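A.B. asks: For reference, the structure I am asking about is given below.
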Amino acid sequence: MGSKVFFSFLLLLLLIFTTQDELSGNNMVLKVEARRCVTQSEGFQGPCLRSRSCREACRIEGYNGGRCRGLPRQCFCSWPCA
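In terms of the numbering used here, the sequence shown opens at residue 4 and continues consecutively.
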């Protein structure tokens with residue numbers, strides 16, 4: 004019984020000390036995700052088996068990137084939305 008109380012006490016102390024920095028704002032991390040717009044590639048031919056070839060085709064079309072998605076696998080190009 005005594006070891007359970009001791010373990011619970013240590014766990015409580017650990018929680019207090021780890022949340023202390025978060026409450027004081029010392030470890031503030033901002034996570035910002037830009038929205039990505041996607042459209043199906045017009046120039047990619049055949050089944051999309053490798054995202055690398057899809058990405059290259061999308062860059063030729065003027066997009067930032069691309070990857071294979073869905074079933075059947077198709078090439079979708081992406082760019083940052085405004």
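All residues carry an ideal CB built from backbone N, CA and C; glycine is no exception.
All values derive from a computational prediction rather than experimental measurement.
In angstroms, rounded to a whole number, what distance separates the CA positions of GLY69 and GLU59?
C.D. replies: As a working mapping, residue 69 is identified with position 66 in the sequence shown. As a working mapping, residue 59 is identified with position 56 in the sequence shown. Their backbone Cα atoms lie some 8 Å apart in a straight line.
A.B. asks: For the alpha helix (DSSP H) containing CYS57, name the first residue and the last one.
C.D. replies: Locating residue 57 in the sequence shown gives position 54, where the first residue counts as 1. First-last of the alpha helix (DSSP H) with CYS57: 54 to 63.
A.B. asks: Taking the straight line between their C-alpha atoms, what separation do you get for CYS84 and GLY65?
C.D. replies: Numbered from 1 along the sequence shown, position 81 holds the residue referred to as residue 84. Numbered from 1 along the sequence shown, position 62 holds the residue referred to as residue 65. Answer to the nearest angstrom: the Cα atoms are 14 Å apart.
A.B. asks: Is it buried or exposed, SER44, if we count other Cβ atoms within 10 angstroms and call 16 or more buried?
C.D. replies: Walking along the sequence shown from the start, residue 44 turns up at place 41. Buried, by the Cβ-count rule.
A.B. asks: Could you name the residues of the same chain whose beta carbon sits closer than 7 Å to that of ALA37, not counting the 5 residues immediately before and after it, in chain order?
C.D. replies: For the purposes of this step, residue 37 is taken as residue 34 along the sequence shown, with counting starting at 1. So the list reads PRO83, once near-sequence residues are dropped.
A.B. asks: Going along the chain, which residues of its own chain have a beta-carbon closer than 6 Å to the beta-carbon of GLY46, five neighbours each way excluded?
C.D. replies: Here residue 46 corresponds to residue number 43 of the sequence shown, with the count starting at 1. Answer for GLY46: ALA60, GLU64, listed in chain order.
A.B. asks: For CYS40, count neighbouring C-beta atoms within 10 Å of its own C-beta (all shown protein chains included) and say buried if the count is 16 or more, exposed if not.
C.D. replies: Along the sequence shown, one-based indexing puts residue 40 at 37. It is exposed - the Cβ of CYS40 has fewer than 16 other Cβ atoms within 10 Å.
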